[in-house]
Amino acid sequence: MSELTGKVQTVLGLVDPDQLGRTMTHEHLTYKHLTTKFDFMYVPPPPGDEAVAENPFQMQHMHWLQQNPYSCHENLQLKKDNDAVRDELLAYKKAGGGTVVENTTTGIDRDVSSLRQLAKDTGVHIIAGAGYYVDCTHTDATKKMSVEKLTDTIVSEVIHGADGTDIRCGVIGEIGTGWPITDSEKKVLQATAHAQAQLGCPVIIHPGRNHAAPAEIVRILQEAGGDISKTVMSHLDRTIFDEGELLEFANVGSYLEYDLFGTEMLNYPFNLEVDMPSDSQRVKILAFLVKEGYEDKIVVAHDIHTRNRLTINGGHGYSHILKNIVPKMLTRGISQHQVDKILIENPKHWLTFK
Ligand SMILES: [Zn+2]
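Put into structure tokens, the structure is as follows:
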């Protein structure tokens, strides 16, 4: 038993799990710097669209931004809209939201001090993430670290605080992996499992964009002593499309996260093979998983990480699931009781330290 056992760790300290309420398990709220780091996601605009990308936040460019969110440097600078994010969190609370898990880890410019301020200003519980994002964001120093050193660093971010502060992380992740999984990513996965075995904490994973990636990650975590029943597999909406394969993966016992609600785009630039589902299709998959008996394993979010998705810029905002998706779920065979499991009970059980 540690002081963490039976509690959830937010950026403002430990809270009783029953205090969390409705929880988005995968969002981003801010980054430390205005213009750096997150730019690794930049994709050049389609030929002829350069001028639009230079001046994006206008009514006539809203659809373009929705289709090409990564083709505009300005759009990747979420930090610039910090005040708008604060307002959005207040709106989220008003819409019935209680908690946000902020998944920004080392490599994509985590800013725990801003998270603490946002939590103080809004009353929304915010949980920060420990660990490392995908290989291309690992520094040389990170790549040289042993599994033991990586483990110690992750444990310290949960026990003592992250990035030189006393602000403690309450989950490990999102831990980033690509496809194929690199040596450095594999070490981070092993360190994640070792840290989880020590701490009894929740873990959340960003899999590579290949249908085989989630199962391979689970195999690595399991071999290193990880607790799959306290692990969330993110981004399933763009990763596993075959229903049989999805059920096979669901059997391993991780939480199944559909976290790109609000993302509707024809061409997914990070894997052009992928047909990004619509929100209606996401709801349909959730209804399928519920029917197959996985209502205790589903969690949801928007994974907002670009400015065009904030309401101030014409986007759907952090309350989209609560305001628009939940009513749709209720018309598609998911009961209120099951919705409450997805939004309240499942995140609560996942986030509670063992
Ligand atoms: Zn994310």
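Throughout, our numbering is defined as the position within the sequence shown, counted from one, plus 13.
Glycine included, C-beta positions come from ideal geometry on N, C-alpha and C.
- request: Flag this pair as yes or no: are the beta carbons of I317 and H41 separated by less than 8 Å?
  value: yes
message: Taking the alpha-carbon of A314 as reference, which of F283, R345, L269 has the nearest alpha-carbon?
response: L269
- request: Throw me the rounded Cβ distance for the L91 and T319 pair, which I believe falls under 8 Å.
  value: 7 Å
- prompt: Taking just the CA atoms, how far does G61 sit from V216?
  reply: 43 Å
message: Taking 8 Å as the threshold (C-beta atoms), are I298 and I355 in contact?
response: no
Which listed residue (A154, H151, Q209) has its alpha carbon closest to that of I172: Q209
query: Taking the alpha-carbon positions, what's the K361 to T118 distance?
result: 21 Å
- prompt: Which of the three DSSP states, helix, strand or coil, is assigned to T229?
  reply: With the sequence shown as reference, residue 229 is identified as Glu, and Thr is not the correct amino acid for it. Here E229 sits in helix by DSSP.
task: Use the C-beta contact count for F283: other C-beta atoms within 10 angstroms, 16 or more gives buried, fewer gives exposed.
output: exposed
query: CB T370 to CB P227, shorter than 8 Å?
result: The first residue shown for the chain is 14 and the last is 367, placing residue 370 beyond what the model contains.
task: Please confirm whether H138 and V28 have their CB atoms less than 8 Å apart.
output: yes
query: Starting from H318 and walking both ways along the alpha helix (DSSP H), at which residues does that stretch end?
result: Segment: none, H318 is in no alpha helix (DSSP H) and carries neither H nor E.
- request: Can you tell me the Cβ-Cβ gap for V265 and I233, rounded? I've got them flagged as a contact below 8 Å.
  value: 12 Å between Cβ atoms; not a contact.
message: For L27, list the residues DSSP reports as bridge partners.
response: Q22
query: Got a sec, what are the start and stop residues for the beta strand (DSSP E) I139 sits in?
result: 138-143
- request: Might you give, ordered along the chain, the residues of its own chain that have their beta carbon closer than 6 Å to the beta carbon of G221, omitting 5 neighbours on each side?
  value: T190, G191, W192
message: Just to confirm, is the Cβ distance from L364 to L25 under 8 Å?
response: no
field: 8 Å Cβ cutoff met for G142 and N116
entry: yes
message: On a Cα-Cα basis, can you pick out the residue from R322, I140, H350, N359 that is closest to N81?
response: R322
task: Please find out if some non-hydrogen atom of ligand 1 comes closer than 7 Å to the beta-carbon of E161.
output: no
- prompt: Going by Cα to Cα distance, which pick from F254, L285, D250, E161 is closest to D292?
  reply: D250
query: How would you label D148, buried or exposed, when you count the other beta carbons within 10 angstroms and need 16 or more for buried?
result: buried
query: Roughly how far, in whole angstroms, is the beta-carbon of V125 from the beta-carbon of T178, given that I think they are within contact range, below 8 Å?
result: 6 Å
query: What's the gap between the Cα of P58 and the Cα of N337?
result: 30 Å
- request: Would you list the residues whose beta-carbon is nearer than 7 Å to any heavy atom of ligand 3, in the order they occur in the chain?
  value: For the structure depicted, ligand 3 is absent and the ligand set comprises only ligand 1.
message: Going residue by residue through the segment 32-102, where are the continuous beta strand (DSSP E) segments of at least 3 residues, counting only ones entirely within it?
response: 35-40
query: Looking at C-alpha atoms only, which residue of E236, E87, M37, G186 is the closest neighbour of F274?
result: M37
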